[in-house]
Amino acid sequence: MDTKALIAAYYDAFNAGRTEEMLTYLHDEVEHHVNEGGIRRGKEKFCEFNAHMTESYKERLTDIVIFANEAGDRAAAEFVVNGTYLQTDEGLPEAKGQTYVLPAGTFFTIRDGKIARVTTYYNLADWMRQVSA
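Residues in the sequence shown are numbered consecutively from 5, following the working numbering.
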């Protein structure tokens with residue numbers, strides 16, 4: 005599978021809520037760099053993060069554009085997050101089913117045909133404004 009197809013399959017699984025399938029696209033030693041957070045290493049930590057996100061947020065990504073370098077070992081995706089805040093996340097405003105629309109992007113490193121790094125960025129202040137309105 006080429007790099008763009010790999011990233012597309014990863015996001016297709018995300019949008020369909022198939023978090024177990026997402027894991028199949030990840031390298032065993034994946035590093036997940038969370039927006040304004042730490043680095044989670046390994047599929048188990050990625051799985052824990054996904055479980056938490058599924059409890060607190062319902063999100064669908066639209067307008068996905070995927071980029072990859074010629075070597076196929078680095079990629080990026082730009083998209084819009086269309087979400088609903090379901091359950092209060094620690095340190096964040098109270099969840100009351102607020103909806104949000106947020107531009108975001110992710111950078112990837114590909115190794116051995118799998119995603120070895122996921123680094124996601126979005127504007128947290130914009131998200132806070134939307135869910136606090």
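We put the CB at the ideal spot given by N, CA and C, even for glycine.
Helix, strand or coil at residue 15 according to DSSP, with G and I counted as helix: Looking at residue 15 - three-state DSSP - the assignment turns out to be helix.
Would you call residue 56 buried or exposed, if buried means 16 or more other Cβ atoms sit within 10 Å of its Cβ? exposed
Is the beta carbon of residue 129 less than 8 Å from the beta carbon of residue 33? no
Counting along the chain, where does the alpha helix (DSSP H) carrying residue 54 start and finish? 47-60
Name the two residues that bound the continuous beta strand (DSSP E) containing residue 90. No beta strand (DSSP E) contains residue 90, which DSSP labels as neither H nor E.
Given 8 Å, three or more beta-carbon pairs between the segment 87-97 and the segment 53-73: By the Cβ rule, the segment 87-97 counts as touching the segment 53-73, because three or more pairs are nearer than 8 Å.
How do the segment 41-54 and the segment 65-73 stand: do at least 3 beta-carbon pairs fall below 8 Å, yes or no? no
Give the DSSP bridge partners of residue 119, in chain order. 30, 114
Spell out the partners DSSP gives residue 68 in its beta bridges. Residue 68 is not bridged to any residue.
Could you tell me if residue 122 is buried or exposed, where buried requires 16 or more neighbouring beta carbons within 10 angstroms of its beta carbon? buried
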